[in-house]
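Beneath this line is the structure, given in structure tokens, with notes to follow.
There are 2 protein chains.
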Amino acid sequence: MKRNERLVDFTNFLINHPNKMLNLNELSKHYEVAKSSISEDLVFIRRVFENQGVGIVETFPGSLGGVRFTPYISDERSREMTEEIAELLREENRILPGGYIYLSDILGLPSNLRKIGQIIAHEYHDKQVDVIMTIATKGIPIAQSVAEILDVPFVIVRRDPKVTEGATLNVNYMSGSSSRVENMTLSKRSLSIGQNVLIVDDFMKGAGTINGMKSLVHEFDCFLAGIAVFLEGPFKGERLVDDYKSILKVDRIDIANRTIDVKLGNIFDENEPK
Amino acid sequence: MKRNERLVDFTNFLINHPNKMLNLNELSKHYEVAKSSISEDLVFIRRVFENQGVGIVETFPGSLGGVRFTPYISDERSREMTEEIAELLREENRILPGGYIYLSDILGLPSNLRKIGQIIAHEYHDKQVDVIMTIATKGIPIAQSVAEILDVPFVIVRRDPKVTEGATLNVNYMSGSSSRVENMTLSKRSLSIGQNVLIVDDFMKGAGTINGMKSLVHEFDCFLAGIAVFLEGPFKGERLVDDYKSILKVDRIDIANRTIDVKLGNIFDENEPK
Chain A
7 MKRNERLVDF TNFLINHPNK MLNLNELSKH YEVAKSSISE DLVFIRRVFE NQGVGIVETF
67 PGSLGGVRFT PYISDERSRE MTEEIAELLR EENRILPGGY IYLSDILGLP SNLRKIGQII
127 AHEYHDKQVD VIMTIATKGI PIAQSVAEIL DVPFVIVRRD PKVTEGATLN VNYMSGSSSR
187 VENMTLSKRS LSIGQNVLIV DDFMKGAGTI NGMKSLVHEF DCFLAGIAVF LEGPFKGERL
247 VDDYKSILKV DRIDIANRTI DVKLGNIFDE NEPK
Chain B
7 MKRNERLVDF TNFLINHPNK MLNLNELSKH YEVAKSSISE DLVFIRRVFE NQGVGIVETF
67 PGSLGGVRFT PYISDERSRE MTEEIAELLR EENRILPGGY IYLSDILGLP SNLRKIGQII
127 AHEYHDKQVD VIMTIATKGI PIAQSVAEIL DVPFVIVRRD PKVTEGATLN VNYMSGSSSR
187 VENMTLSKRS LSIGQNVLIV DDFMKGAGTI NGMKSLVHEF DCFLAGIAVF LEGPFKGERL
247 VDDYKSILKV DRIDIANRTI DVKLGNIFDE NEPK
């Protein structure tokens with residue numbers, strides 16, 4: 007394979023193996039060229055990936071030396087993508103009877119989900135995350151998108167146990183908005199002791215559901231790596247959870263004028279510790 | 007940007023814009039080189055993508071000429087990936103009380119989902135598919151994976167209507183295994199008249215649920231582009247649907263010996279019309 011072709015192949019290979027340590031000796035054998043040629047290729051790839059905001063290419067020296075590609079977007083790009091999605095949310099025909107917001111089309115389009123996944127992954131790129139947790143139904147596509155970028159599994163909490171889940175661990179929780187006691191359940195096999203769990207969901211009001219997932223993380227003897235919600239809705243009073251990050255925030259839904267007041271969420275707050 | 011760097015950037019760009027017609031004049035402007043240089047780059051990229059089974063790179067001549075990258079895997083690669091997933095299914099600790107099979111870990115790992123998405127997308131690459139339909143909960147990750155590769159939206163049918171879905175269209179259907187009448191619902195906004203809908207799901211026995219989704223497609227005045235299920239379970243008697251494709255098939259679950267007899271599904275049948 008000529009250098010030009012190798013560069014194309016190598017670029018494709020790195021993109022499809024994110025967050026993995028790739029051995030330089032094996033790459034050199036695979037492409038049938040000296041390690042120095044592989045290193046030269048990496049100079050080009052690194053420069054382009056960093057300039058274009060694709061991600062970081064790190065090389066590690068030594069006999070076990072390797073290269074690792076970590077997808078990474080800039081703060082500017084994260085904010086830009088968030089603004090693009092905020093525009094979709096501001097469309098007036100989204101307001102449903104009762105002041106609910108229709109989100110299913112936004113969360114059913116792969117290009118939007120890729121952006122949401124990148125924005126959340128960006129926020130947690132320097133944290134140890136072993137697994138993503140969400141609750142059925144609309145949180146699932148978000149969990150899957152984040153999991154893809156971080157290259158970790160995701161688990162789905164349900165409100166009702168199913169025969170296809172085997173033994174489950176169940177917790178009760180208070181719904182934050184309606185103060186009812188509810189139940190949520192997760193297959194016992196889903197998590198191992200000591201894993202770092204990132205909770206994600208599509209929408210949060212009183213944070214009751216999020217709080218339920220937090221107690222599940224605890225009951226599984228796992229650690230909470232973080233909480234990220236796509237959209238934070240208006241809520242009067244104190245939320246059950248305050249250690250969350252939101253991408254977008256709705257302060258007010260004006261049903262009469264059919265307008266939604268959409269703002270950037272607290273992940274863009276300057277004083278927030280990152 | 008030098009040619010080497012341009013090749014890296016261009017490769018990344020194509021991979022991230024699947025199924026899109028990209029204008030050659032605009033690419034030439036963007037990279038500040040002659041169209042002939044872009045065409046030369048594409049020779050390398052096309053050769054590698056085709057040899058490595060990444061996809062097809064087509065160029066279209068003329069003043070409106072362009073280039074389009076379509077992800078595509080070979081029949082061999084599709085079969086190979088299916089065998090890899092079959093191995094996971096054969097693990098003995100998957101059998102749950104009642105003869106159910108635990109799938110949540112397989113369907114919660116991005117690398118498996120990418121494979122399943124590629125296998126299904128491969129099967130429908132020459133069909134017009136405008137939207138993917140699935141039913142909550144476990145079909146969702148599969149729908150999302152196929153939608154990503156085909157670059158189309160996906161919609162989620164539910165068993166219970168939610169206030170966040172707006173007006174819904176509901177159908178009743180007979181559960182194939184238990185002969186109960188059930189209800190399923192989809193937001194009216196989800197589909198437009200005349201769209202070509204590919205139905206996907208994780209598991210099929212009597213095909214009652216699939217049949218329900220078929221009638222939903224009909225009630226929305228849409229067309230059925232196909233039906234693809236990840237796993238076809240053992241079923242005695244006649245299924246409600248016979249025009250489906252399955253990736254894998256379980257003929258027998260031997261609870262005493264804890265073995266699952268997993269075979270390739272009918273998408274690999276040679277006599278099946280493709």
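Keeping their order, the protein sequence lines are chains A and B.
Under my numbering, the first residue of the first sequence is numbered 7, with each subsequent residue one higher.
Under my numbering, the first residue of the second sequence is numbered 7, with each subsequent residue one higher.
In this text, a Cβ means the ideal position worked out from N, Cα and C, and glycines have one as well.
query	result
Rounded C-alpha distance that separates Tyr106 of chain B from Lys211 of chain B	11 Å
Sequence-distant residues of the same chain with beta carbon closer than 8 Å to Gly172 of chain B, five excluded per side	Ser193, Lys194, Arg195
Local conformation of Pro279 of chain A per DSSP, three classes	Below a pLDDT of 50, predicted positions are generally treated as unreliable, and Pro279 of chain A, at 46, falls in that range; the measurement from the model is reported next regardless. Here Pro279 of chain A sits in coil by DSSP.
Near-chain B residues of the segment 123–149 of chain A - C-beta to any C-beta below 7 Å	Ala142, Thr143, Ile146, Pro147
C-beta neighbour in chain B for Phe236 of chain A, strict 9 Å	no
Nearest to Ser45 of chain B (by Cα), restricted to the options B:Leu270, B:Gly71, B:Val60, B:Ile138	B:Gly71
Any C-beta of chain B under 9 Å from that of Val2 of chain A	Nothing can be reported for residue 2 of chain A, as the shown portion of chain A is limited to 7 through 280.
Nearest-angstrom beta carbon gap, Ala234 of chain A and Glu82 of chain A [assumed within contact, 8 Å]	With a Cβ gap of about 19 Å, Glu82 of chain A and Ala234 of chain A do not count as contacting.
Contact belief for Leu102 of chain A with Tyr108 of chain A at Cβ below 8 Å, rounded distance in angstroms	6 Å
From A:Ile79, A:Gly218, A:Asp249, residue whose alpha carbon lies closest to that of Thr191 of chain A	A:Gly218
Under the three-state DSSP convention, the category Val247 of chain B falls into	coil
The beta strand (DSSP E) enclosing Arg74 of chain B, as first and last residue numbers	72–77
Within chain A, the residues that Asn18 of chain B reaches when beta carbons sit closer than 8 Å	Thr17, Ile21, Val54, Phe55, Gln58, Val60
Neighbour-count burial assignment, Arg12 of chain B, 16 or more Cβ in a 10 Å radius	buried
Neighbourhood of Pro279 of chain B by C-beta, 8 Å cutoff - its chain only, sequence neighbours within 5 removed	Low per-residue confidence applies at Pro279 of chain B: pLDDT is 47, beneath 50, and the placement is therefore not dependable, though the value from the model is reported in the following sentence. Around Pro279 of chain B: no qualifying Cβ.
Residue from A:Lys144, A:Gly200, A:Arg9, A:Asn25 whose Cα sits closest to the Cα of Val39 of chain A	A:Arg9
Contact set between Asn10 of chain A and chain B, taken where Cβ atoms lie within less than 7 Å	Leu13, Phe50
Alpha carbon of Asn202 of chain B to alpha carbon of Arg74 of chain B, nearest angstrom	22 Å
Per-residue burial, Gly104 of chain A [other beta carbons within 10 Å of its own, 16 or more giving buried]	exposed
Residue-chain proximity (Asp111 of chain B, chain A), Cβ-Cβ < 9 Å	yes
Sufficient close CB pairs (3 or more, under 8 Å) joining the segment 158–178 of chain B to the segment 134–150 of chain B	yes
Of the residues B:Ser221, B:Asp157, B:Ala213, B:Gly145, the one placed nearest Phe287 of chain B, counting alpha carbons only	Past the boundaries of the shown model lies residue 287 of chain B; chain B is included only from 7 to 280, so the question cannot be answered.
Beta-carbon spacing of Phe236 of chain A, Phe274 of chain A below 9 Å	no
CB-CB length for Ile21 of chain A against Asn18 of chain B, believed under 8 Å	6 Å
Cutoff 9 Å: Ser184 of chain A Cβ touching any chain B Cβ	no
Endpoints, the beta strand (DSSP E) within which Glu64 of chain B is located	61–66
C-beta contact flag for Glu238 of chain A and Asn272 of chain A at 9 Å	yes
Bridge-paired residues (DSSP) for Asp260 of chain B	B:Thr265
Beta carbon proximity, Val158 of chain A to chain B, threshold 9 Å	yes
CA nearest to the CA of Gly59 of chain A, picked from A:Pro67, A:Ser42, A:Tyr78, A:Asn118	A:Tyr78
Interface partners of Val169 of chain A on chain B, CB under 9 Å	Leu102, Pro103, Gly104, Tyr106
Spatial distance of Glu90 of chain B from Tyr37 of chain A (CA atoms)	25 Å
Per-residue DSSP class, three states only, for Phe241 of chain A	coil
Span of the beta strand (DSSP E) around Val39 of chain B	Careful: Val39 of chain B lies outside any beta strand (DSSP E) and carries neither H nor E.
DSSP bridge partner residues for Arg186 of chain A (one or two, in chain order)	None, per the DSSP bridge assignment.
Val14 of chain A (DSSP reduced to helix, strand or coil)	helix
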